[in-house]
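Trainee: First the structure, which I've put down as structure tokens, then a few questions once you've had a look.
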């Protein structure tokens, strides 16, 4: 469905579209090309066509709405694909690292199109894991939507070992829709969204699914949790994040009269509201003079939830973006811009849809979404970066802290960013929809190194049986100054900078020292090994996957050999 339109003056055609036949044509959108001296908000022109890939998956139209970056650098895109009868199918595409379609994926053209029912299906979120690719969304069965979760193999086929033929439908209430997905460290999958019934209308809904596609009976009521927040029909969950301790955060929007606020709920691993979070497990984020519509959430490097909301300021009447950081007890973090909130309109003439957020290894928060410019009935994408102190990061985008465009439109057809993904080398991807196509962009970002220098522990020999063994210490080094990277341990626990030993994942930076701890074997001449894994970065919605090269080192202890027997008796 490639077509030619006259381009606005001053805009260079730097993006090309891949049609169904594989031919190339000049894209009918304006693309701002990175300067030769690339900045961190400029397009990486080594990716696809000038930093941009446009992809049409159907002659009848398609819309990108989700994505995920694989550890091998390939990029997954998901959304809906229209068929000849006006229905929408699920559509998943994959691009190789340089931006071009991966013809080894799916049907041989780099895509897979499928449905659960024959009418309306839509992808809303997705994640890559070592076990496969999870695709969340919803389908209409008759007049009512139902949550869906599909599992694909890494080659892009339905994984028939999951649920029924690779597809799971879950109904919560009269009808329900999944708006976001997250993968826990143990591989279980969370779907969050909205659930409707005639009594409490729209409520928050959370579902947890086992790796085999069955509902997790240890979570909520038979794998489902429904949380009424008000008596009207405007309680909608849009985002989910999992903390290192397994706590589950869900964010969305709720209405009280004419005022909208952003509820943040925290559930424990069993799906119960966590009363240590503001007393009842629910925090309502509100600001006098604003409507807040919660959209995204991520856990920062200190374990604090950061929430992104669409915002409407009443006086003057301006739409913008509102960022909020909370403490672990649910209180506003006043170290974040003095009051826990930061609002910015970015541009005075437009409405925003904040759709994606990632916390970088440097502690900054990168966001992306759609900007609808009201004066010209046009739309484009925006990206912005916020510092740890809660204001725009002026080291991003030549001092502005935000960028409008990168891929833009001078036409009424919608354009917007739906996801972003950080790469281990500091570059980042933004993807979404533009004029009935999927798109993906790669930006230069900041150069960082998230792989520490190799280190080694000295093994212990001839240690007593069943005794606590603590290694010598190693120091973390080789990371970019200020970067913090994931740390995890297998077969024991670790001590960081003298803190109590823990098995929980965390973050480390240059100069941190680490000791490993385990209990020696209960038998003679036996070895116990504890492995430390450090480096890379973790996507905001995926605790099971680390991107980038990690450093692994082990500490072992071996018990003494069995003493010789004397006189036929037991060893001395």
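In this note's numbering, the protein residues as written are 88 to 659. By construction, the Cβ of each residue, glycine as well, lies at the ideal position given by its N, Cα and C atoms.
1. Give the C-beta separation of residue 483 and residue 469 to the nearest angstrom, bearing in mind that I take them to be a contact with Cβ-Cβ under 8 Å.
2. Just to confirm before moving on: does the CB-CB distance between residue 219 and residue 247 stay below 8 Å?
3. Taking its Cβ as the centre, do 16 or more other Cβ atoms sit within 10 Å of residue 480, making it buried, or is it exposed?
4. Measuring straight from C-alpha to C-alpha, what distance separates residue 648 and residue 557?
5. What separation, rounded to the nearest whole angstrom, lies between the Cα atoms of residue 449 and residue 172?
6. When you compare only the Cα positions, how much space is there between residue 644 and residue 272?
7. Taking the beta strand (DSSP E) that residue 324 belongs to, which residues open and close that run?
8. Going by other Cβ atoms of all chains shown within 10 Å of its Cβ, with 16 needed for buried, is residue 646 buried or exposed?
9. Within the region 489-559, note down every full alpha helix (DSSP H) run reaching 4 residues or more, in order along the chain.
10. Classify residue 466 as buried or exposed, calling it buried when 16 or more other Cβ atoms lie within 10 Å of its own Cβ.
11. Does the Cβ of residue 115 have 16 or more other Cβ atoms within 10 Å, making it buried, or fewer, making it exposed?
12. Using a Cβ-Cβ cutoff of less than 6 Å, which residues in the same chain neighbour residue 338 once the five nearest sequence positions on both sides are dropped?
13. Using only CA atoms, which one of 579, 349, 526 and 650 lies nearest to residue 153?
14. In three-state terms, what does DSSP make of residue 445?
15. Please classify residue 141: does DSSP put it in a helix, a strand, or coil?
16. Determine which residues share a DSSP beta bridge with residue 400 and list them.
17. If you follow the beta strand (DSSP E) that residue 351 is part of, which residue opens it and which one closes it?
18. So for residue 643, helix, strand or coil by DSSP?
19. How do the region 559-572 and the region 595-603 stand: do at least 3 beta-carbon pairs fall below 8 Å, yes or no?
20. Indicate the three-state DSSP secondary structure (helix, strand or coil) for residue 649 in the structure shown.
21. Indicate the three-state DSSP secondary structure (helix, strand or coil) for residue 183 in the structure shown.
22. Does the region 395-406 come into contact with the region 430-438, if we say contact requires no fewer than three beta-carbon pairs (one atom in each stretch) closer than 8 Å?
23. Are the CB atoms of residue 604 and residue 627 nearer to each other than 8 Å?
24. Is residue 211 closer than 8 Å to residue 224 when the C-beta atoms are compared?
25. I need the boundaries of the beta strand (DSSP E) containing residue 626, first residue and last residue.
26. Quick one: what's residue 616 bridged to in DSSP?
27. By Cβ distance, which residues of its chain are closer than 8 Å to residue 623, with the 5 residues on each side in sequence left out?
28. Excluding sequence positions up to five away, which residues of its chain have a Cβ less than 6 Å from the Cβ of residue 642?
29. Going straight from the alpha carbon of residue 285 to that of residue 345, what length do you get?
30. Is residue 323 buried or exposed, if buried means 16 or more other CB atoms sit within 10 Å of its CB?
31. Give the DSSP bridge partners of residue 241, in chain order.
32. Short check: CB of residue 518 to CB of residue 151, under 8 Å?
33. Could you tell me whether the region 190-209 touches the region 172-181, using the rule of 3 or more Cβ pairs below 8 Å?
34. CA-CA distance, residue 660 and residue 417?
35. May I have the straight-line CA-CA distance separating residue 175 from residue 144, to the nearest angstrom?
36. In its own chain, which residues sit with a C-beta less than 7 Å from the C-beta of residue 331, not counting the 5 before and 5 after it?
Mentor: The structure says:
1. Counting from one through the chain shown, the residue named residue 483 turns up at place 396. Counting from one through the chain shown, the residue named residue 469 turns up at place 382. No, residue 483 and residue 469 are not in contact; Cβ-Cβ is about 12 Å, not under 8 Å.
2. Start at 1 with the first residue of the chain shown, and residue 219 comes out as number 132. Start at 1 with the first residue of the chain shown, and residue 247 comes out as number 160. No, the pair does not count as a contact, with Cβ atoms beyond the cut-off.
3. To locate residue 480, count along the chain shown from 1; it is residue 393. Residue 480 comes out buried.
4. Mapped onto the chain shown, residue 648 falls at position 561. Mapped onto the chain shown, residue 557 falls at position 470. Approximately 20 Å between the Cα atoms of the pair.
5. The sequence position of residue 449 within the chain shown is 362, counting from 1. The sequence position of residue 172 within the chain shown is 85, counting from 1. Going by the C-alpha atoms only, they are around 48 Å apart.
6. Counting from one through the chain shown, the residue named residue 644 turns up at place 557. Counting from one through the chain shown, the residue named residue 272 turns up at place 185. Approximately 28 Å, taken between the alpha carbons.
7. If you number the chain shown from 1, residue 324 lands on position 237. 323-329 is the span of the beta strand (DSSP E), which, as asked, contains residue 324.
8. In the chain shown, counting from the first residue as 1, residue 646 sits at position 559. Classification for residue 646: buried.
9. Scanning the region 489-559 from its first residue to its last, no whole alpha helix (DSSP H) run of 4-plus residues comes out.
10. Taking the first residue of the chain shown as position 1, residue 466 is located at position 379. With 16 or more Cβ atoms within 10 Å of its Cβ, residue 466 is classed as buried.
11. Taking the chain shown and counting its residues from 1, one reaches residue 115 at position 28. In this prediction, residue 115 has a pLDDT of 32, which is less than 50 and means its spatial position is unreliable; what the coordinates show is noted afterwards. The residue in question, residue 115, is buried, as its Cβ has 16 or more Cβ neighbours within 10 Å.
12. On the chain shown, residue 338 is found 251 positions in, with the first residue counted as 1. 326, 351, 381, 384 and 394, listed in sequence order.
13. Within the chain shown, numbered from 1, the residue matching residue 153 stands at position 66. When each option's Cα is compared against that of residue 153, the closest is 526.
14. Here residue 445 corresponds to residue number 358 of the chain shown, with the count starting at 1. In the structure shown, residue 445 sits in a strand (DSSP, three-state: E or B).
15. Within the chain shown, numbered from 1, the residue matching residue 141 stands at position 54. Correct three-state label for residue 141: strand.
16. On the chain shown, position 313 is the one that residue 400 refers to. According to DSSP, which records beta bridges pairwise, residue 400 is partnered with 377 and 405.
17. Position 264 of the chain shown, counted from the first residue, corresponds to residue 351. Segment 346-354, the beta strand (DSSP E) holding residue 351.
18. What you label residue 643 is simply residue 556 of the chain shown in a count that begins at 1. Residue 643 falls in the strand class under three-state DSSP.
19. yes
20. For the purposes of this step, residue 649 is identified with residue 562 of the chain shown, where counting begins at 1. Residue 649 falls in the coil class under three-state DSSP.
21. Taking the chain shown and counting its residues from 1, one reaches residue 183 at position 96. Looking at residue 183 - three-state DSSP - the assignment turns out to be coil, as it is neither helix nor strand.
22. Judged by Cβ distances under 8 Å, the region 395-406 makes contact with the region 430-438, as three or more pairs qualify.
23. Reading the chain shown from its first residue, position 517 is the one you call residue 604. Reading the chain shown from its first residue, position 540 is the one you call residue 627. Result no, Cβ atoms of residue 604 and residue 627 do not sit closer than 8 Å.
24. Position 137 of the chain shown, counted from the first residue, corresponds to residue 224. Position 124 of the chain shown, counted from the first residue, corresponds to residue 211. Going by C-beta atoms, residue 224 is nearer than 8 Å to residue 211.
25. Residue mapping note: residue 626 aligns to position 539 of the chain shown, counting from 1. Note, residue 626: premise wrong, no beta strand (DSSP E); not H, not E.
26. Here residue 616 refers to the residue found at position 529 of the chain shown. Looking at the DSSP assignment, residue 616 forms a beta bridge with 643.
27. As a first step, residue 623 must be located in the chain shown, where it is residue number 536. These residues qualify, in order along the chain: 511, 537, 538, 572, 573, 633, 634, 635, 636 and 637.
28. To locate residue 642, count along the chain shown from 1; it is residue 555. Once the five neighbours on either side are set aside, the close Cβ partners of residue 642 are 544, 558, 603 and 617.
29. Stepping through the chain shown from its first residue, residue 285 is reached at position 198. Stepping through the chain shown from its first residue, residue 345 is reached at position 258. Spanning the two alpha carbons is a distance of roughly 21 Å.
30. In the chain shown, the residue the question calls residue 323 occupies position 236. It counts as buried.
31. Within the chain shown, residue 241 is the residue found at index 154, counting from 1. BP columns for residue 241 are empty, so no partner.
32. To locate residue 518, count along the chain shown from 1; it is residue 431. To locate residue 151, count along the chain shown from 1; it is residue 64. Result yes, Cβ atoms of residue 518 and residue 151 sit closer than 8 Å.
33. yes
34. There is simply no residue 660 to check, as the chain begins at 88 and stops at 659 in what is shown.
35. By one-based count along the chain shown, residue 175 stands at place 88. By one-based count along the chain shown, residue 144 stands at place 57. Whole-angstrom Cα-Cα distance: 12 Å.
36. Locating residue 331 in the chain shown gives position 244, where the first residue counts as 1. Counting only Cβ-Cβ distances below 7 Å, and skipping sequence neighbours, we find 390, 591, 592 and 593.
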